[in-house]
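2 protein chains.
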Amino acid sequence: MSRPEVKRMTQQRRIILEELGKVTSHPTADEVYGMVRVHLPSISLGTVYRDLEAMSGSGLIQKLETCGRQKRFDGNPAPHHHVRCLACGRVGDLQTDTELYIKADFDDPGGYKVTGYRMEYTGLCPDCRRDPLAI
Amino acid sequence: MSRPEVKRMTQQRRIILEELGKVTSHPTADEVYGMVRVHLPSISLGTVYRDLEAMSGSGLIQKLETCGRQKRFDGNPAPHHHVRCLACGRVGDLQTDTELYIKADFDDPGGYKVTGYRMEYTGLCPDCRRDPLAI
DNA sequence: CTCTCAATAGTAATGATTACTGTTACTATT
DNA sequence: AATAGTAACAGTAATCATTACTATTGAGAG
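Protein sequence lines correspond, in order, to chains F and S.
Just add 2 to wherever you are in the first sequence, counting from 1, and you've got the working numbering.
Just add 2 to wherever you are in the second sequence, counting from 1, and you've got the working numbering.
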């Protein structure tokens with residue numbers, strides 16, 4: 003039940019945070035590794051994993067683990083919705099004014115205590131929509 | 003965009019389907035492997051993976067890949083909701099009378115075509131609720 | 001400045017899943 | 001019933017994302 007947290011703001015974490023803030027592509031750990039290595043060539047992939055985990059535990063960034071074997075990360079910590087392209091796996095942001103109504107009182111929760119939910123929309127990204135066979 | 007489908011109902015698939023129908027525990031592929039091996043000791047783990055994938059592609063069962071590195075499978079193909087225990091990873095069913103309202107017309111879908119959604123509730127299972135430090 | 005321990009680089013290990021390869025067995029058609 | 005075509009199989013190797021380990025470094029409090 004305990005999650006890793008950020009105790010010290012190192013150069014590695016500062017740069018990861020900066021790079022994540024520049025994009026809206028919700029990169030994977032490996033993609034973040036590539037982005038950060040441009041500025042800090044000696045950084046280790048393990049460090050990227052650990053720091054992404056710690057920073058999402060501290061609420062500085064968001065971890066998207068809704069689907070797929072590969073986790074993705076979002077530099078915007080504010081709650082918002084995501085769409086995942088069923089063809090290529092890309093993830094985009096969704097802007098919504100009205101709040102989503104989620105039913106939380108169940109007829110039979112089977113003894114579970116329901117505290118939240120995880121969700122993502124699915125669909126097709128602009129590219130795959132244009133040419134579904136491209137990928 | 004193409005998914006594997008069931009063309010032939012083999013003994014392996016029949017038994018996997020039977021065993022999945024007996025439980026409500028949403029077992030992982032490995033757990034299904036253990037359940038099926040009691041009745042068919044020579045079955046291969048690869049076959050279990052392939053058959054679970056094919057049968058979920060054909061709508062005979064449900065594949066739960068909403069979260070976690072390990073997929074889980076549900077013998078009940080009818081749409082219903084799930085809760086995942088944040089402490090131990092167990093997954094349970096949720097019964098709801100009223101339908102969930104999901105907003106699908108977004109102010110800015112960013113060029114995406116939204117066709118559906120994936121969601122699961124999160125919380126604590128009866129055991130972990132009783133003793134959060136047990137696991 | 002110094003001390004402490006969180007964080008790091010580099011690498012090995014893990015674990016779930018997928019791919020491959022030669023063989024088996026459904027199903028339809030002679 | 002024999003044959004052909006091919007989906008599915010068992011067994012095993014390979015892949016890929018992630019986590020763990022170990023010795024070393026450096027952030028930041030006092």
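Note that the Cβ used here is the ideal one computed from N, Cα and C, for glycine as well.
Short CB-CB distance (under 9 angstroms) between residue i and chain S
i                     : result
residue 38 of chain F : no
residue 68 of chain F : yes
residue 32 of chain F : no
residue 95 of chain F : yes
residue 74 of chain F : no
residue 62 of chain F : no
N-terminal and C-terminal residue of the beta strand (DSSP E) that residue i is part of
i                     : result
residue 76 of chain S : 74-76
residue 87 of chain F : 83-87
9 angstroms Cβ cutoff, residue i in contact with chain F
i                      : result
residue 85 of chain S  : yes
residue 131 of chain S : yes
residue 47 of chain S  : no
residue 111 of chain S : yes
residue 128 of chain S : yes
residue 54 of chain S  : no
residue 42 of chain S  : no
Residue i in three-state terms, based on DSSP
i                      : result
residue 53 of chain S  : helix
residue 118 of chain F : strand
residue 95 of chain S  : strand
residue 2 of chain S   : Since the first and last residues shown for chain S are 3 and 137, residue 2 of chain S lies out of range.
residue 131 of chain S : helix
residue 70 of chain F  : coil
residue 60 of chain S  : coil
residue 137 of chain F : Low per-residue confidence applies at residue 137 of chain F: pLDDT is 43, beneath 50, and the placement is therefore not dependable, though the value from the model is reported in the following sentence. Coil.
residue 6 of chain S   : coil
N-terminal and C-terminal residue of the alpha helix (DSSP H) that residue i is part of
i                     : result
residue 24 of chain F : 13-24
residue 32 of chain S : 31-39
For residue i: DSSP bridge partner residues
i                      : result
residue 65 of chain S  : S:75
residue 126 of chain S : F:115
Checklist entry - Using Cβ-Cβ distances below 8 angstroms, what residues of the stretch 113-125 of chain F are close to chain S? => result Within the stretch 113-125 of chain F, the residues whose Cβ lies closer than 8 angstroms to some Cβ of chain S are 113, 114, 115, 116, 117, 118, 119, 120, 121, 122, 123, 124, 125, listed in chain order.
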